[in-house]
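Read through the structure below, which is laid out as structure tokens, and then see the notes.
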Amino acid sequence: MTVSEARAKGTGGARGTGGAGGTANPPATSGAGSAGGSAHSASDTGSARPEAAAGATRPRRRQARGEARITQLLRAAANVFCTTGYTAASTNAIAREAGVSPGTLYQFFPNKEAIAVELGDQLLNRWRETYGAAFLPDHLTLPLDRMLDATLDPLIAFNCENPAFTVLMHGSEIPGITQGHDALHMTMLDRVEAILGDYLPDTPPAQITRIANMIFILFKGGLDLIMAHEGDERDAYIRELKTALLRYLEPLVC
569 MTVSEARAKG TGGARGTGGA GGTANPPATS GAGSAGGSAH SASDTGSARP EAAAGATRPR
629 RRQARGEARI TQLLRAAANV FCTTGYTAAS TNAIAREAGV SPGTLYQFFP NKEAIAVELG
689 DQLLNRWRET YGAAFLPDHL TLPLDRMLDA TLDPLIAFNC ENPAFTVLMH GSEIPGITQG
749 HDALHMTMLD RVEAILGDYL PDTPPAQITR IANMIFILFK GGLDLIMAHE GDERDAYIRE
809 LKTALLRYLE PLVC
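Mapping the sequence shown onto our numbering, position 124 (from 1) lands on 692, and the numbers just tick up by one.
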């Protein structure tokens, strides 16, 4: 199942139900009929225009309520996935965390996988934005230690603020999510190799690839330690990760 298929499967109900109440949007012909019927009375009473304007806002309000409910359910799912893991999570637990009935949840998502795919897709999009901000060309003009700060800080902050990202990317075993993550990983790896190539123009491509892979392994291992701690200990591990990368890269690029 692809991400787009699962999202269409999982959130199609949200668009079709028109909101938390689960009622369908009024047919277009009904609205047209009302407008036509009011046209005659408009010349007599002048009251049709305000009624038509009020009616036009109702579907928009219903859609906004539906989107708010989806956001509420996805936030609850993120909490449940972080607490129990994806495999042990259930739609009943997600509904309970969201403070709604299971029936309300099923108006928007047919199953747990559809929720995970929608949440994973949103997090992947935000991760793309984050790494785009982390690898700005301006950062390459900074001294190595400040360049590491500018690059690592947004990546670490994203993972700390979104622990469900790690759970879904590495623990859900949903093809659509893992494929999206693997593709993004390769994009980031290519970017790191390109940056290293600018710093080390005389280094063979095979060695550049090895260095880039080592950077990723160091980052992932350090991030696991950072995520496992909070407060001062988390800050200490962030400093240790930056020190490890600095000591590894300094002899190569300086």
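Cβ coordinates follow ideal geometry from the N, Cα and C atoms, glycine included. Source: prediction; values computed, not measured.
Close-in-space but distant-in-sequence residues of the same chain around residue i (CB under 7 Å, 5 per side omitted)
| i | result |
| --- | --- |
| Y767 | V821 |
| P722 | T698, A701, A702 |
| S854 | Any question about residue 854 goes unanswered here, given that the chain covers just 569 to 822. |
| L757 | A780, F784 |
| T597 | Low per-residue confidence applies at T597: pLDDT is 40, beneath 50, and the placement is therefore not dependable, though the value from the model is reported in the following sentence. Cβ neighbours of T597 beyond the five flanking positions: none. |
| N730 | L691 |
Cβ neighbour criterion (16 or more within 10 Å) applied to residue i
| i | result |
| --- | --- |
| Q747 | exposed |
| H749 | buried |
| N693 | exposed |
| R778 | exposed |
| E788 | The amino acid at residue 788 is misidentified as Glu; the sequence shows Lys. Exposed is the call here. |
| E741 | exposed |
| L704 | exposed |
| L641 | buried |
| G634 | buried |
| G765 | exposed |
| L813 | buried |
| L710 | exposed |
Span of the alpha helix (DSSP H), counted from its first residue to its last, around residue i
| i | result |
| --- | --- |
| T811 | 799-821 |
| M719 | Strictly speaking, residue 719 in this sequence is Thr, with Met absent from that position. Taken as a continuous stretch (DSSP letters only), the alpha helix (DSSP H) holding T719 covers 712-729. |
| D689 | 680-702 |
| Q775 | 773-795 |
| L673 | 670-674 |
| T655 | Per DSSP, T655 belongs to no alpha helix (DSSP H) and is neither H nor E. |
Contacting residues, own chain, Cβ-Cβ under 6 Å from residue i (five flanking each side not counted)
| i | result |
| --- | --- |
| T809 | Here residue 809 is Leu; the residue named in the question, Thr, does not match the sequence. Once the five neighbours on either side are set aside, the close Cβ partners of L809 are G790. |
| N660 | P670 |
Residues near residue i by beta carbon distance below 8 Å, same chain, minus five either side
| i | result |
| --- | --- |
| M715 | H707, L708 |
| A684 | A645, F649, Y654, L736, S740, I742, I745 |
| A718 | A702, L704, H707, L710 |
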